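A.B. asks: Reminder that position 34 of the sequence shown reads as 34 in UniProt numbering, one-by-one numbering, no gaps. Positions of the beta carbon are idealized from the N, C-alpha and C atoms, including for glycine. Computed from a predicted structure; not experimentally measured.
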Amino acid sequence: MTSAVPATPRRPRRSSAEVRELILGAAAELFAEKGFAATTTREIAERAEVRETTMFRIYESKEHLYDEAVLRPFTDFLDTFTERWMATEAPVGHPSEVLEQFVTELHDLVSANRALIAALDWNQAAAAHTQASLDHLESVGRAIAERYDLDFDVPVAIRIATASVVATTLLEDTLFPPEQRGERLRAELIRMLVGATLHRDR
């Protein structure tokens, strides 16, 4: 008498939210490891343990996946930061306070996602998404300039501040010895950006 082969237990059905999270996590990992061009949708589906057809029902293209997995955390940070500072009855605090939070939080975001952000493919669509969030962030710069009677080029200054933090953080382990990283680096970034913001031409 042959013994019955035990049935392979079926994997519990995953919710749509879980599937989305698995796909985005797999995409983020692969884009960070290989870059956009070298990553295939099949690899993403295999790492997420979902069918490729299932993935395409949620994200219609690799470009859409890239936007959600790579760009979204960056643009969400810019939008959330803007909304937080503009939501109060008297929007925006002192420049030193605003810039300290901006540098600290953006530095933390880039540090935690260094490989992913370094792999950003600044194509036309990606640039458009980022520009929309930077345009939104300009409202904080304008409020600071008006409230404190400061004269600086808001659109350019906002982008310089963002680029300074992102680029410095990406190169932190390359250009700075260990004792200059982290809090010491952030403090100097804040000091320089605040000084530039408060500078008045004689």
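Excluding sequence positions up to five away, which residues of its chain have a Cβ less than 8 Å from the Cβ of D201?
C.D. replies: D151.
A.B. asks: Between which residues of its own chain and L109 is the CB-CB distance below 6 Å, once the five residues before and five after are set aside?
C.D. replies: For L109, where only same-chain residues beyond five positions count, the Cβ hits under 6 Å are F77.
A.B. asks: What are the boundary residues of the alpha helix (DSSP H) that G25 is part of?
C.D. replies: G25 -> alpha helix (DSSP H) spans S16 to K34.
A.B. asks: Is DSSP giving D201 helix, strand or coil here?
C.D. replies: Of the three classes helix, strand and coil, the one that applies to D201 here is coil, per DSSP.
A.B. asks: From the DSSP output, in three-state form, read off E52 for me.
C.D. replies: Correct three-state label for E52: helix.
A.B. asks: Tell me the DSSP secondary structure of Y59 in three-state form.
C.D. replies: It is coil, neither helix nor strand.
A.B. asks: Keeping to the same chain, check which residues put their C-beta closer than 6 Å to that of E69; ignore five residues upstream and five downstream.
C.D. replies: Residue identity differs from the one stated: residue 69 is Ala in this sequence, not Glu. Only L24, A27 and A28 meet the Cβ criterion.
A.B. asks: Measuring straight from C-alpha to C-alpha, what distance separates R51 and I160?
C.D. replies: Approximately 42 Å, taken between the alpha carbons.
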